[in-house]
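Trainee: Quick one: the structure is below, questions incoming.
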Amino acid sequence: MRAMTWLLAAMSAGLAPQAPPAPARPVVVASKPFAESYLLAEMFAQLLEARGYAVDRRPGLGATEVAFGALRAGAIDVYPEYTGTGLIAILGERPAADPAAVYARVAAAFRERWGIRWLPPLGFENTYAIAVRRATAERYGLRTLSDLARVGGALTAGLTPDFVGRADGLPGLARAYGLRFEAVRPLVPAVKYQALAEGAVDVIDGYSTDGQIARYDLVVLADDRHFFPAYEAAALVGADLARTSPGAALALTELSGRLDVRRMRELNRRVEVDREPVAAVARDALAGLGLAGLGLAGGARAPAASRAASQSRPPSLLAYMLERRALLARLTLRHLLLVAGSLAAGIALALPLGLLLARVPRPAGAVLGAVGLLQTIPSLALLAFMLPLLGIGVVPALVALFLYSLYPILRNTYAGVRAADPVAAEAALSLGMTPGQVLRWVRLPLAAPVIMAGIRTAAVIGVGTATLAALIGAGGLGDPIVAGLALADARMILSGAIPAALLALVVDAGLGWMERRVTPRGVRG
Amino acid sequence: MTARPLPAPAPVLQALGVVKRFGGVAALDGVSLAVAAGECVAVVGESGSGKTTLLRCFNRLVEPDGGRILLEGEDARRADPVALRRRIGYVPQDGGLLPHWPVLRNVALVPWLCGDGGAERKAADALALVGLEPAAFAARWPRELSGGQRQRVALARALAGAPAIVLLDEPFGALDAITRADLQEMFARVRRELAAAALLVTHDLHEALALGDRIVVLRGGRVEQDAPADALVARPATDYVRRLLERSRVIR
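Going line by line, the protein sequences match chains C and P. For what it's worth, the working numbering labels the leading residue of the first sequence as 7, then goes sequentially. For what it's worth, the working numbering labels the leading residue of the second sequence as 257, then goes sequentially.
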């Protein structure tokens with residue numbers, strides 16, 4: 007597919023030496039799964055479209071590893087990134103606080119190592135912000151992180167899992183300020199602010215541009231020792247695009263230096279708190295900057311405004327889902343195809359392998375152990391491992407789901423065939439069945455319900471795991487779940503989670519029926 | 257009884273100095289015995305005497321380390337094991353019926369494996385022979401049968417392929433006393449009718465004496481005594497055999 011688009015691009019380039027400003031293939035614009043990243047990516051996309059480029063949107067890619075991996079592999083062309091993340095998480099270097107020095111360092115290093123370009127920063131920093139409730143700040147007299155260090159032992163922190171782990175997160179912060187909490191709970195970004203507002207935790211990590219900070223009237227503690235590194239937002243442009251379509255990169259620089267923290271926080275609030283559609287907010291933002299869509303703006307504002315008005319009385323979940331039924335049906339079908347495809351491949355490998363191991367049991371322990379080990383790799387890590395090989399999209403998702411389906415099928419096939427009525431199997435052998443006939447006529451029919459149960463387990467796990475495929479742009483019911491989590495939109499989450507749960511129930515029931523059907527009559531309970 | 261002028265017929269099944277070791281332990285330590293046409297030989301021994309291993313050597317589920325086994329005069333090692341097994345009927349202790357096959361299909365197993373078009377008719381005949389009305393039992397599932405009925409089906413299955421010999425491994429051991437007596441009687445009748453050669457392994461000396469023309473007492477992988485039933489009772493060759501007879505209250 008990709009090779010073909012490249013071929014077309016090459017052909018059109020050859021046929022038309024005076025290359026048009028727009029490349030023959032669409033510019034693939036991606037984002038990471040949080041509101042600001044969605045919004046910036048959508049602004050990039052709309053700006054490119056306004057300048058005549060075709061755009062392919064891949065919002066909500068995994069985490070930094072997935073998004074950057076996809077960029078490096080050429081699976082995407084551009085996504086919004088932060089210089090601090092580039093320096094620390096990608097280059098693995100020590101945090102630095104001077105924004106200009108950080109930008110200079112990452113711009114040089116990325117260009118040299120991967121041909122990847124950091125466009126000039128957009129104009130705001132989205133660095134870590136440690137926030138507390140106003141009441142907490144007043145009670146303890148907290149203004150700075152040094153103040154927090156005095157009383158941290160009495161407070162519970164709710165921190166995003168990657169903040170807990172990374173060097174520029176909690177470990178570094180604790181060292182710089184001598185900071186200690188009574189307890190640290192890992193919290194996903196979607197629930198963090200609510201947990202803080204409701205008093206479940208006392209301290210959270212946020213980002214300086216989060217719209218939620220204003221919503222909950224939180225106090226952001228000043229980084230008085232300048233621990234947090236510079237995190238300037240910028241467009242990160244892949245080597246292919248930089249080489250083949252410098253015009254597209256140039257178009258994106260029109261945003262450089264145009265977005266300040268206040269404006270960004272306000273835009274984020276409209277997306278995160280007011281639940282305005284990302285596309286509408288992006289359109290307004292570009293129009294407000296005079297960059298695009300003046301002709302469109304009139305038409306675009308109206309629906310955005312009416313949507314904002316209807317926001318006061320949000321439609322019921324059912325109405326919301328009905329409104330999106332065509333999309334949800336498409337996502338459900340995609341989800342089902344991901345599961346069915348990976349499961350078919352899993353059966354094709356694990357079933358014969360299980361039968362083979364039942365015949366030659368010596369390596370069974372090692373093989374089962376190795377395949378079981380696959381099961382313990384966290385899904386996101388597995389997806390990230392495969393990025394350099396398989397890029398993003400449907401193929402790596404199928405491969406990951408295939409790998410996860412192997413163990414239950416292999417295990418049940420092996421154990422089921424081994425355990426299938428050994429007395430009957432030996433009698434059949436004694437009376438002159440060949441070993442193959444014993445397998446075909448005795449062991450396999452008797453093991454069929456157990457094997458089917460393994461397939462059923464694999465399928466139900468697959469339906470659940472496939473929601474993560476959204477993190478690598480494979481689509482499916484994970485799309486609204488991931489986006490809803492990032493935007494803290496419960497309806498959006500449920501619009502994916504409910505069909506996914508129903509799908510799991512239907513798959514479980516259907517395969518349960520099959521399990522009973524393949525149970526031989528003579529041994530049916 | 258008049259003296260038989262004919263020379264003894266060639267044995268159907270013969271073991272010549274069969275040795276089988278598991279690890280360093282000899283389960284069979286030079287066992288020789290023969291089963292003549294139409295004869296039933298009962299192998300008696302306690303647990304660990306090697307009687308089950310011996311049985312498994314005959315149908316090559318176990319390959320002996322030494323000695324020879326002849327089926328109808330042919331060296332078993334030269335035969336294809338699958339073809340060999342189809343010539344040997346086999347009745348395991350707990351029937352070993354295929355639970356997902358109806359009774360008739362179970363009984364028809366060996367003729368069916370041999371590609372015999374008349375497999376079902378042979379199976380029905382075999383069912384009738386062991387005292388089960390084919391019309392009533394053909395379609396039943398094994399789990400719907402009593403223990404005695406199951407062993408009858410297992411015997412029918414062993415006979416349906418018209419084997420050279422039937423091997424029986426404690427076939428009536430798991431049954432209650434009355435059922436066991438019924439089945440022993442049935443077995444003796446069927447064997448007479450077919451003049452079938454049989455080798456019966458049992459730990460029950462009474463059963464051996466009731467069903468066997470000849471008794472082979474096995475102890476620690478060796479043949480302690482090999483004699484016609486009446487001769488064994490009249491003249492136990494060793495102290496062990498005498499104690500065995502005493503313990504079983506065959507003699508006092």
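From the three backbone atoms N, C-alpha and C, an ideal C-beta is built for every residue, glycine too.
Just list the beta strand (DSSP E) runs in the segment 121 to 174 of chain C, keeping only unbroken ones of 3 residues or longer that don't cross its boundaries, in chain order.
Mentor: 134 to 139 and 162 to 165
Trainee: Can you have a look at proline 532 of chain C and say buried or exposed, based on whether 16 or more other CB atoms are within 10 angstroms of its CB?
Mentor: Past the edges of chain C, shown from 7 to 531, lies residue 532 of chain C, and the structure says nothing about it.
Trainee: Is tyrosine 496 of chain P helix, strand or coil when you go by DSSP?
Mentor: Position 240 of the second sequence, counting from 1, holds the residue named residue 496 of chain P. In this structure, tyrosine 496 of chain P counts as helix in the three-state DSSP scheme.
Trainee: Less than 8 Å between the CB atoms is what I'm expecting for alanine 434 of chain C and leucine 354 of chain P, so what's the real figure, rounded?
Mentor: For this step, residue 434 of chain C is matched to residue 428 along the first sequence. For this step, residue 354 of chain P is matched to residue 98 along the second sequence. About 6 Å separates the beta carbon of alanine 434 of chain C from that of leucine 354 of chain P, a gap short enough to meet the 8 Å contact definition.
Trainee: Specify the secondary structure class of tyrosine 183 of chain C as computed by DSSP and reduced to three states.
Mentor: Residue numbering aside, residue 183 of chain C sits at position 177 when the first sequence is read from its first letter. Helix.
Trainee: If you reduce the DSSP assignment to three classes, tell me which class isoleucine 82 of chain C lands in.
Mentor: Counting from one through the first sequence, the residue named residue 82 of chain C turns up at place 76. Three-state result, isoleucine 82 of chain C: coil.
Trainee: For lysine 276 of chain P, which residues does DSSP report across the bridge?
Mentor: Numbered from its first residue, the second sequence carries residue 276 of chain P at position 20. For lysine 276 of chain P, which the question treats as bridged, DSSP gives the partners P:Leu284.
Trainee: If we call anything under 8 Å between Cβ atoms a contact, is threonine 309 of chain P one with aspartate 425 of chain P?
Mentor: Position 53 of the second sequence, counting from 1, holds the residue named residue 309 of chain P. Position 169 of the second sequence, counting from 1, holds the residue named residue 425 of chain P. Against a cut-off of 8 Å, the Cβ pair of aspartate 425 of chain P and threonine 309 of chain P comes out as no contact.
Trainee: Does glutamate 329 of chain C come within less than 8 Å of chain P when only Cβ atoms are used?
Mentor: If you number the first sequence from 1, residue 329 of chain C lands on position 323. Cβ-Cβ to chain P under 8 Å: no for glutamate 329 of chain C.
Trainee: In whole angstroms, what is the alpha-carbon distance linking leucine 534 of chain P and glycine 371 of chain P?
Mentor: Since the first and last residues shown for chain P are 257 and 508, residue 534 of chain P lies out of range.
Trainee: Strictly below 7 Å CB to CB, what residues from chain C border leucine 354 of chain P?
Mentor: Within the second sequence, the letter at position 98 stands for residue 354 of chain P. Simply Ala430, Ala434 and Val448.
Trainee: Which complete alpha helix (DSSP H) runs does the segment 243 to 292 of chain C hold, if anything under 4 residues is left out?
Mentor: 245 to 250, 252 to 258 and 267 to 278
Trainee: Around the C-beta of glycine 468 of chain C, are 16 or more other C-beta atoms found within 10 angstroms, so that it is buried, or is it exposed?
Mentor: Numbered from its first residue, the first sequence carries residue 468 of chain C at position 462. The residue is buried, with at least 16 neighbouring Cβ atoms inside 10 Å.
Trainee: In this structure, does DSSP put alanine 420 of chain P in helix, strand or coil?
Mentor: The residue labelled residue 420 of chain P in the question sits at position 164 within the second sequence. Alanine 420 of chain P falls in the coil class under three-state DSSP.
Trainee: One question on the structure: do glycine 90 of chain C and alanine 137 of chain C come within less than 8 Å of each other, judged by their Cβ atoms?
Mentor: On the first sequence, position 84 is the one that residue 90 of chain C refers to. On the first sequence, position 131 is the one that residue 137 of chain C refers to. In this structure, alanine 137 of chain C does not lie closer than 8 Å to glycine 90 of chain C by Cβ.
Trainee: With burial defined as no fewer than 16 other Cβ atoms inside 10 Å of the residue's Cβ, what is the status of threonine 293 of chain C: buried or exposed?
Mentor: Your numbering for residue 293 of chain C matches position 287 in the first sequence. According to the sequence displayed, residue 293 of chain C carries alanine and not threonine. Per the 10 Å Cβ criterion, buried.
Trainee: Within a Cβ cutoff of 8 Å, which residues of the same chain sit near serine 316 of chain C, ignoring the five residues on either side of it in sequence?
Mentor: In the first sequence, the residue the question calls residue 316 of chain C occupies position 310. Per-residue confidence for serine 316 of chain C stands at a pLDDT of 44, beneath the threshold of 50, marking its modelled position as unreliable; the derived number appears in the next sentence. There are no such residues.
Trainee: So, at 8 Å on beta carbons, what are the nonlocal neighbours of serine 312 of chain C in its own chain, with the 5 sequence-adjacent residues on each side left out?
Mentor: Along the first sequence, one-based indexing puts residue 312 of chain C at 306. Model confidence at serine 312 of chain C stands at a pLDDT of 42, short of 50, so the residue's coordinates are unreliable; what they give is reported in the following sentence. Correct list: empty, nothing qualifies.
Trainee: Contact between the segment 437 to 451 of chain C and the segment 381 to 400 of chain C is defined here as three or more beta-carbon pairs at a separation below 8 Å; is this criterion met?
Mentor: no
Trainee: For aspartate 216 of chain P, return the contacting residues in chain C, with the cut-off set at a CB-CB distance below 9 Å.
Mentor: The question about residue 216 of chain P has no answer, for chain P in this structure spans 257 to 508.
Trainee: Ordered along the chain, which non-local residues of its own chain (more than five positions away) have a Cβ less than 7 Å from that of leucine 467 of chain P?
Mentor: Position 211 of the second sequence, counted from the first residue, corresponds to residue 467 of chain P. Closer than 7 Å at Cβ, skipping near neighbours: Cys296, Ala298, Gln440, Phe443, Ala444 and Leu456.
Trainee: According to DSSP, which residues form a beta bridge with alanine 239 of chain C?
Mentor: Along the first sequence, one-based indexing puts residue 239 of chain C at 233. Paired residues: C:Tyr88.
Trainee: So, do the segment 118 to 138 of chain C and the segment 258 to 268 of chain C have three or more beta carbon pairs nearer to each other than 8 Å?
Mentor: As far as the Cβ criterion goes, the segment 118 to 138 of chain C touches the segment 258 to 268 of chain C, which means the pair count is three or higher.
Trainee: Give me the Cα-Cα distance between leucine 385 of chain P and alanine 293 of chain P, rounded to the nearest whole angstrom.
Mentor: Your numbering for residue 385 of chain P matches position 129 in the second sequence. Your numbering for residue 293 of chain P matches position 37 in the second sequence. Going by the C-alpha atoms only, they are around 20 Å apart.
Trainee: For histidine 356 of chain P, which option in P:Ala380, P:Trp397 and P:Ser303 has the closest C-alpha, if you only look at C-alpha atoms?
Mentor: Looking up residue 356 of chain P in the second sequence gives position 100. Closest option to histidine 356 of chain P, Cα to Cα, is P:Trp397.
Trainee: Under the rule that 16 or more other beta-carbon atoms within 10 Å means buried, what is alanine 354 of chain C, buried or exposed?
Mentor: For the purposes of this step, residue 354 of chain C is taken as the residue at position 348 of the first sequence. Burial call: exposed.
Trainee: Determine, using beta carbons only, whether arginine 111 of chain C and arginine 117 of chain C come nearer to each other than 8 Å.
Mentor: Here residue 111 of chain C refers to the residue found at position 105 when the first sequence is read from its first residue. Here residue 117 of chain C refers to the residue found at position 111 when the first sequence is read from its first residue. No, the Cβ-Cβ distance between arginine 111 of chain C and arginine 117 of chain C is not below 8 Å.
Trainee: Check each residue of the segment 321 to 350 of chain P: if its Cβ is closer than 7 Å to any Cβ of chain C, include it; give the result in chain order.
Mentor: For the segment 321 to 350 of chain P, which is checked against every Cβ of chain C, the residues closer than 7 Å are Val338, Arg341, Arg342, Tyr346, Pro348 and Asp350.
Trainee: Isoleucine 210 of chain C bridges to which residues according to DSSP?
Mentor: Sequence index remark: in the first sequence, residue 210 of chain C carries index 204 (1-based). C:Ala137 and C:Gly164, per the DSSP bridge assignment.
Trainee: Glycine 305 of chain C to proline 283 of chain C, Cα distance in whole Å?
Mentor: In the first sequence, the residue the question calls residue 305 of chain C occupies position 299. In the first sequence, the residue the question calls residue 283 of chain C occupies position 277. Per-residue confidence for glycine 305 of chain C stands at a pLDDT of 40, beneath the threshold of 50, marking its modelled position as unreliable; the derived number appears in the next sentence. Cα to Cα, glycine 305 of chain C sits roughly 15 Å from proline 283 of chain C.
Trainee: Among the residues of its own chain, which have a CB less than 8 Å from the CB of alanine 483 of chain P, if the five just before and after it don't count?
Mentor: Numbered from 1 along the second sequence, position 227 holds the residue referred to as residue 483 of chain P. Only Arg470, Ile471, Arg491 and Ala493 meet the Cβ criterion.
Trainee: Is the segment 323 to 336 of chain P in contact with the segment 398 to 408 of chain P, if contact means three or more CB pairs nearer than 8 Å?
Mentor: Taking a contact to require three or more Cβ pairs closer than 8 Å, the segment 323 to 336 of chain P and the segment 398 to 408 of chain P do not qualify as touching.
Trainee: Strictly by DSSP, which residues pair up with alanine 483 of chain P?
Mentor: For the purposes of this step, residue 483 of chain P is taken as residue 227 along the second sequence, with counting starting at 1. Its beta-bridge partners are P:Ile471.
Trainee: Given that a residue counts as buried once 16 or more other Cβ atoms are within 10 Å of its Cβ, and exposed if not, what is isoleucine 398 of chain C?
Mentor: For the purposes of this step, residue 398 of chain C is identified with residue 392 of the first sequence, where counting begins at 1. It counts as buried.
Trainee: Residues of chain C with CB under 8 Å from arginine 399 of chain P, in chain order?
Mentor: What you label residue 399 of chain P is simply residue 143 of the second sequence in a count that begins at 1. What arginine 399 of chain P touches in chain C: Gly528 and Val529.
Trainee: Rounded to a whole number of angstroms, what is the C-alpha to C-alpha distance between glycine 460 of chain C and leucine 224 of chain C?
Mentor: Translated into the one-based positions of the first sequence, residue 460 of chain C becomes position 454. Translated into the one-based positions of the first sequence, residue 224 of chain C becomes position 218. For glycine 460 of chain C and leucine 224 of chain C, the distance between alpha carbons rounds to 50 Å.
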